[in-house]
Each structure stands twice: as C-alpha cells, then as structure tokens.
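Going by this note's numbering, the residue at position 25 of the sequence shown is 38; the numbering climbs one at a time, nothing skipped.
Yeah, the Cβ is synthetic: ideal placement off N, Cα and C, and Gly gets one too.
Remember, predicted model here, so these are calculated numbers, not experimental data.
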Amino acid sequence: MASSSPESAPAAAETDGSVQIRRLEVSDREKGFLPLLSQLSACPELTASEFAACFADLAALGDDHVILVAEDPAAAPERRILATGCLFVERKFLRGGGKVGHVEDVVVDAAARGRGLGLRVVRRLVEISKEAGCYKVILDCTPELRAYYAKCGFVEKGVQMAIYF
Ligand SMILES: CC(=O)SCCNC(=O)CCNC(=O)[C@H](O)C(C)(C)COP(=O)(O)OP(=O)(O)OC[C@H]1O[C@@H](n2cnc3c(N)ncnc32)[C@H](O)[C@@H]1OP(=O)(O)O
14 MASSSPESAP AAAETDGSVQ IRRLEVSDRE KGFLPLLSQL SACPELTASE
64 FAACFADLAA LGDDHVILVA EDPAAAPERR ILATGCLFVE RKFLRGGGKV
114 GHVEDVVVDA AARGRGLGLR VVRRLVEISK EAGCYKVILD CTPELRAYYA
164 KCGFVEKGVQ MAIYF
C-alpha cells in the first residue's frame with residue numbers, strides 16, 4: 014500500500030547507512046519521485062492533486078500494491094528519492110487461492126547506480142512478497158538485465174509476451 018506516513022507501514026522500512034528504504038508517501042512527489050520514474054519510461058509531470066488522486070487509488074489496494082522508495086535525507090530536497098520499485102500481489106483461484114508477486118517499475122537514479130540500491134529495493138520487495146504468502150515472485154526485463162536480476166536471486170523462466178496499446 015502506498016502510505017500517507019512512515020508509521021503506517023513499519024514492516025517495509027529498512028535503513029542501511031543514511032539511505033532509508035520505505036513505502037511511498039504522497040509527499041514524495043516533491044522529492045523527485047516522478048523525474049526518477051521518467052528514467053525508466055515516459056512519466057509526464059502530474060499536478061499535486063493528480064498525484065494525490067493516483068496515490069489514493071493505489072493506496073486503496075492495500076498490501077496488494079507496495080511501492081518502495083529509497084530516500085537520501087542528505088540530498089537536495091527535490092532529489093531525495095534515489096530509487097524505487099513496485100510489488101503487485103495477484104490473487105488466484107489456482108493453488109488453493111494462491112498469490113503471485115509481480116515486481117515492476119524498478120529504477121535507480123543514474124547518479125546513484127552501482128551503490129547497491131537496486132539490489133536493496135528488489136530484495137526487500139522479494140521479502141515482502143514472501144511475507145505476504147506468495148508462492149512465487151516474477152518480473153519481466155530486457156536480456157541486458159539478466160545478470161542484475163540473477164544477483165537479486167531470480168532465475169530465468171518462460172518467455173515474456175506483450176501487446177502494447
Ligand atoms: C522489472 C523492471 O522494472 S525491469 C527495469 C529495470 N530498470 C531499468 O532498467 C532502469 C535503468 N537502470 C537502473 O535503474 C539500474 O541500473 C538498475 C535498477 C538496473 C540497477 O540498479 P543499481 O542500484 O545500479 O544496481 P546495484 O548497484 O544494486 O547492483 C547490484 C548488482 O547487480 C549488478 N548490476 C547492476 N546493474 C547491472 C546490469 N545492468 N547488468 C548486469 N549487472 C548489473 C551490479 O554490478 C551489482 O553486482 P555486485 O553486487 O556483484 O557488485
């Protein structure tokens with residue numbers, strides 16, 4: 014769940030050095046969350062009210078939709094969010110009402126890559142999916158990212174297919 018305060022989601026928080034990994038807060042719009050996402054894919058600016066509406070929609074999904082961010086409190090206020098990643102928990106009839114975790118939208122600020130932040134975010138998302146009772150966690154990525162996700166503990170399985178609209 015996207016949270017309105019750090020206290021509402023203590024299980025997701027993790028600190029190592031000065032950079033804390035925690036759930037997204039609505040105030041993260043002012044800390045560079047959207048410019049960070051735009052390093053992954055098209056992410057036009059949202060007004061504060063548009064952002065708040067989107068945040069509320071996602072928060073309504075509760076623990077089935079977790080967005081983590083890595084915040085550096087020592088960075089400039091508008092550039093404090095250095096990394097992000099998302100977990101969507103899919104509920105199924107299969108496997109006795111099983112759950113599958115989907116990791117999406119992982120990105121680390123270009124200036125902060127190579128410091129282990131991507132690994133920390135993805136590992137925490139994997140832990141959360143295990144804690145949520147998922148029987149597997151999966152993701153789609155480009156061939157160039159095989160080695161990175163292997164370091165995060167993933168093994169190659171199946172073929173990705175898509176229809177873009
Ligand atoms: C499911 C999805 O969202 S797929 C989309 C993934 N995101 C992107 O492609 C956006 C652009 N790229 C990025 O944001 C970053 O480069 C990321 C997320 C891929 C990696 O984040 P970083 O913080 O730089 O990675 P981190 O420092 O944690 O590296 C962890 C390990 O993976 C390795 N690694 C990092 N990136 C790569 C890569 N592209 N290819 C191979 N290995 C890599 C590192 O060398 C490191 O290995 P080590 O522990 O042996 O030193």
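For residue i, the residue or residues it bridges with in DSSP
i	result
Cys154	Cys154 is not bridged to any residue.
Val82	Arg35 and Thr97
Val102	Gly114
Glu27	Ile34
Inter-residue Cα distance where the pair is residue i and residue j
i	j	result
Leu107	Val120	31 Å
Leu132	Ser62	32 Å
Tyr162	Thr60	34 Å
Gly127	Gly171	28 Å
Ala88	Val134	18 Å
Cys8	Glu140	As displayed, the chain neither begins before 14 nor continues past 178, which places residue 8 out of reach and without an answer.
Arg136	Glu27	11 Å
Pro156	Glu169	10 Å
Ser54	Val116	16 Å
Distance cut-off 6 Å: residue i Cβ against heavy atoms of ligand 2
i	result
Gly75	Questions concerning ligand 2 fall outside what the structure shown contains, since the ligands it does hold are ligand 1.
Helix, strand or coil at residue i according to DSSP, with G and I counted as helix
i	result
Lys112	strand
Val121	strand
Glu144	helix
Val168	coil
Ala43	Strictly speaking, residue 43 in this sequence is Glu, with Ala absent from that position. If DSSP states are grouped into helix, strand and coil, Glu43 belongs with the helices.
Glu63	helix
Glu91	helix
Proximal residues to residue i (C-beta, below 8 Å), its chain only, five neighbours per side dropped
i	result
Ala66	none
Glu91	Glu43, Lys44 and Gly45
Neighbourhood of residue i by C-beta distance below 7 Å, restricted to the same chain and skipping five residues each side
i	result
Leu49	Ile94, Thr97, Val120 and Asp122
Cys147	Val102, Lys112, Val113 and Gly114
Tyr177	none
Neighbourhood of residue i by C-beta distance below 6 Å, restricted to the same chain and skipping five residues each side
i	result
Lys44	Arg93 and Ile94
Arg159	none
Asp118	Cys99
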